[in-house]
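Visitor: Throughout, my numbering is defined as the position within the sequence shown, counted from one, plus 13. Cβ atoms here follow ideal geometry from the backbone N, Cα and C, with glycine treated the same way. Just so it is clear, the structure is predicted and the values come from calculations on it, not from any experiment. Dropping the structure in here first, questions after.
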Amino acid sequence: MDLDEILAGKPGDPLTALTRQDLDPLSVEECEARIAALEGEIVRTRTRMTKAVNHRASADDLFKR
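Structural data, given as structure tokens:
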């Protein structure tokens with residue numbers, strides 16, 4: 014799935030603004046800080062996904078019995 018498809022119709026979404034931000038004015042240090050923040054957000058998002066999958070699997074197991 015293309016990023017433009019995911020963000021289509023969400024003009025006020027912070028992720029949309031983030032992906033369209035001009036990176037040229039940023040220093041190397043600012044780029045490194047941005048990458049660290051984004052990597053932290055990736056970890057947080059993956060953790061949320063894992064919890065959702067595990068919760069769903071637990072619910073499925075509960076109702077199969």
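#1: What's the gap between the Cα of Lys77 and the Cα of Leu36?
#2: Inspect the beta-carbon positions of Arg47 and Leu39 and report whether they are closer than 8 angstroms.
#3: Measure the alpha-carbon distance for Ser71 versus Ile55 and round it to whole angstroms.
#4: Where does Pro38 fall in DSSP's three states?
#5: Can you tell me where the alpha helix (DSSP H) holding Pro27 begins and where it ends?
Guide: The short version:
#1: Rounded to the nearest angstrom, the two C-alpha atoms are 51 angstroms apart.
#2: Remark: C-beta atoms of Arg47 and Leu39 approach each other more closely than 8 angstroms.
#3: Going from the Cα of Ser71 to the Cα of Ile55 covers about 24 angstroms.
#4: Collapsing the DSSP output to three states places Pro38 in coil.
#5: Annotation: the continuous alpha helix (DSSP H) that includes Pro27 extends over Pro27 to Arg33.
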